[in-house]
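Since the structure comes first, as structure tokens, the remarks are kept for the end.
Residue numbers (my numbering): 633 to 781.
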């Protein structure tokens, strides 16, 4: 009998696939926002420069890239009402600013991330707002080295 993937696995794989669109030289990140029943994808995002600007990285030094993060792009792309419950799948633990963007998006019930971020302060931010953050490390992207933003 073949393995029937769970929706969490499917959307985490989708986040990894969409991360391949990133133009960041150092770390490609992807984000998918779905309905809680997994029937709808509300938005996707990946890290990169602003629309109309050159598709390149400003710097490959951590914290100096200046690309818009995947989570922020997904929030910008999400047109679903704030009151609708949402699930977020992201390849890497969001930074604090992206955590705040996801909070302000409204309706976010949980954040599933595959790889850690070099700074874990967002976990406290999520905890303060009762958003569940859980690491989804199940070898979905075994070929991707464990990088940090």
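Every residue, glycine too, gets a C-beta built ideally from N, C-alpha and C.
A quick note: this is a predicted structure, and the numbers were derived from the prediction, not measured.
Excluding residues up to 5 positions away in sequence, 674, 675 lie with their Cβ nearer than 8 Å to the Cβ of residue 711 in the same chain. When the five nearest sequence neighbours on each side are left out, the beta carbons in the same chain lying within less than 6 Å of the beta carbon of residue 705 are those of 677, in order along the chain.
The Cβ atoms of residue 727 and residue 754 lie closer than 9 Å to each other.
Residue state for residue 732 is assigned as helix, using DSSP reduced to three classes. Distances from the CA of residue 764 to each of 750, 717, 707 were compared; the closest alpha carbon is that of 717.
Of the candidates 725, 647, 756, 725 places its Cα closest to the Cα of residue 750.
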